[in-house]
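Engineer:
Numbering (UniProt numbering), first residue to last: 1 to 480.
Have a look at this one:
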């Protein structure tokens, strides 16, 4: 069904798009340009490995994996996209009755001897456009496709590392993403609840949203290994991660099977794979040591810091925030990360009365380096529009617009679709637009809620062919 919908252009295509005449080698070079002069990144990692120190049983060591664990991981599925070996997870699953004991032995051998196969380090890159009509490599997002064996290996390591981190409470509670129970909704709830509490106390909150340029691609391997050592990862584990990271290569492949030349990578972690996001989170593990008196929320590479204070002390709050910004910039530079100054956003949140009062007394600007960050009346954080008065009208309007756009595309072919398929499409494509982060909508007005409700009523009418003037409530019962 989804393949037919993609053919009809009702939903986005999963196929690799046309590269618009761009040279594959040029595109591969653009994707790996950050790696050109970063060989020094492994110097720190080598020093960490050579310094073995005393044996400490509180350190993290890999455990042997059982055939049952391998079986569960393979059957859990995942992307069927094939890497350089041409073997999908589905194919591997079919061969498990004969291969399970060999695979288990292989994975244990690699963990015990801190090894990682060279073939598994080679990634075929599939470019996915970030804009409707891409014209340059920067308009594409590189998605790495790896061998099926490496996917299983990464999942084994991921589960053991996460278990160690959670057992020893080493993960930052203010760092979300790629963790159970730490979704975009929980991140939004934590921030908005804190800001609402400040409003109730007649305070205003200065919020600053940062954007890091190609953060995953800028992870320095040596610094990453050093941070793993500080988290009490043992020498054999660090050696395994060193083998996993060192000598990685990538090549771009188009829809016709043409492949660019291979390019060596010396920094960066794959964003769309299992271990990449976890390693990026651990790379940020020392960020909490940088922050002074403000609060923060980290979701992947999206950083938000905020500080609440009395309206008549707004200039002092801004001065303090500027100090925090400088500390963050210094930390980012020392870790090889780059803040995108042009995408930095700032907003002061409070009641209308207090916002009007601070406009008369505020004489300090929020600065990122030598650049003044203008104050916005609304910002988008994790897909949700937040206004300076915590009003949900802008977000409700945006939500209704997306519902209507999706509904219009479905109406084009509704006469070809049975009722059950229409219902499935509305549930799959439109319900998530309404449900996303809905717990954060505290304070939404009746009018704003009604606006969204009417948009969804149109969806029910489309599914059941209900006329416009008919009462809709009985048909909701039918859908249930």
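Glycine is no exception: its CB is placed at the ideal position from the N, C-alpha and C atoms.
For the segment 427 to 476, which segments carrying the alpha helix (DSSP H) assignment without a break, of at least 4 residues, lie completely within its bounds, in sequence order?
Structural biologist: 431 to 435 and 446 to 464
Engineer: Where residue 230 and residue 360 are concerned, what is the direct C-alpha to C-alpha distance, given to the nearest angstrom?
Structural biologist: 48 Å
Engineer: Would you list, in sequence order, the uninterrupted beta strand (DSSP E) runs of no fewer than 3 residues that lie entirely inside the segment 303 to 356?
Structural biologist: 345 to 349
Engineer: From the DSSP output, which residues share a beta bridge with residue 142?
Structural biologist: 127
Engineer: On a CA-only basis, which of 186, 219, 209 and 421 is nearest residue 282? Give me that one, please.
Structural biologist: 219
Engineer: Considering only residues of the same chain and omitting the five flanking positions on each side of residue 177, which have a CB-CB separation below 6 Å?
Structural biologist: 299 and 300
Engineer: From 189, 153, 113 and 130, pick the residue whose C-alpha is nearest to that of residue 66; which is it?
Structural biologist: 153
Engineer: Please report the distance separating the alpha-carbon of residue 244 from that of residue 72.
Structural biologist: Their Cα atoms are separated by approximately 23 Å.
Engineer: Exposed or buried, residue 324, counting other C-beta atoms within 10 Å across all chains shown (16 or more means buried)?
Structural biologist: Answer is buried; the Cβ neighbour count reaches 16.
Engineer: In three-state DSSP terms, what is residue 176?
Structural biologist: strand
Engineer: Can you have a look at residue 256 and say buried or exposed, based on whether 16 or more other CB atoms are within 10 angstroms of its CB?
Structural biologist: Looking at its Cβ environment, which holds fewer than 16 other Cβ atoms inside 10 Å, residue 256 is exposed.
Engineer: What three-state label does DSSP hand residue 231 in the structure shown?
Structural biologist: coil
Engineer: If you check the beta carbons only, do residue 406 and residue 429 fall under 8 Å apart?
Structural biologist: yes
Engineer: Check residue 478 in the structure and name its three-state DSSP category.
Structural biologist: The three-state secondary structure of residue 478, taken from DSSP, is helix.
Engineer: Pick helix, strand or coil for residue 260, following the three-state DSSP scheme.
Structural biologist: coil
Engineer: Counting only runs that start and end within the segment 48 to 119, where is the alpha helix (DSSP H) found for 4 or more residues in a row?
Structural biologist: 67 to 75, 89 to 94 and 96 to 112
Engineer: Does DSSP put residue 493 in a helix, a strand or coil?
Structural biologist: Any question about residue 493 goes unanswered here, given that the chain covers just 1 to 480.
Engineer: For residue 119 versus residue 437, is the C-beta spacing smaller than 8 Å?
Structural biologist: no
Engineer: Identify whether residue 156 lies in helix, strand or coil by the three-state DSSP scheme.
Structural biologist: helix
Engineer: Around the C-beta of residue 205, are 16 or more other C-beta atoms found within 10 angstroms, so that it is buried, or is it exposed?
Structural biologist: buried
Engineer: So what does DSSP say about residue 265, is it helix, strand or coil?
Structural biologist: Look at residue 265 here: in three-state DSSP terms it is strand.
Engineer: Taking just the CA atoms, how far does residue 238 sit from residue 22?
Structural biologist: Those two C-alpha atoms are separated by around 39 Å.
Engineer: Hey, could you find the ends of the beta strand (DSSP E) residue 375 is sitting in?
Structural biologist: Residue 375 -> no beta strand (DSSP E), and no H or E assigned at all.
Engineer: Which word fits residue 161, buried or exposed, when buried means at least 16 other C-beta atoms lie within 10 angstroms of its C-beta?
Structural biologist: Using a 10 angstroms sphere on the CB of residue 161, the tally of other CB atoms reaches 16 or more, which defines it as buried.
Engineer: How long is the line joining the alpha carbons of residue 129 and residue 285, rounded to whole angstroms?
Structural biologist: 31 Å
Engineer: Rounded to whole angstroms, what is the Cα-Cα separation between residue 93 and residue 227?
Structural biologist: 36 Å
Engineer: Taking contact to mean 3 or more Cβ pairs, one atom from each stretch, closer than 8 Å, check whether the segment 365 to 376 and the segment 342 to 350 are in contact.
Structural biologist: Yes, the segment 365 to 376 is in contact with the segment 342 to 350.
Engineer: Starting from residue 207, trace the beta strand (DSSP E) both ways and give me its first and last residue.
Structural biologist: 204 to 211
Engineer: For residue 393 and residue 432, what's the separation of their Cα atoms in angstroms?
Structural biologist: 19 Å
Engineer: Whose CA, out of 288, 475, 343 and 70, lies closest to the CA of residue 423?
Structural biologist: 475
Engineer: Following a CB-centred definition, is residue 107 positioned closer than 7 Å to any heavy atom of the ligand MN?
Structural biologist: Only the bare structure without any ligand can be found here, which leaves the ligand MN out of the picture.
Engineer: Please state if the CB of residue 151 and the CB of residue 78 are separated by a distance shorter than 8 Å.
Structural biologist: yes
Engineer: Please return the same chain residues whose Cβ sits closer than 6 Å to the Cβ of residue 233, not counting the five positions on each side in sequence.
Structural biologist: 60
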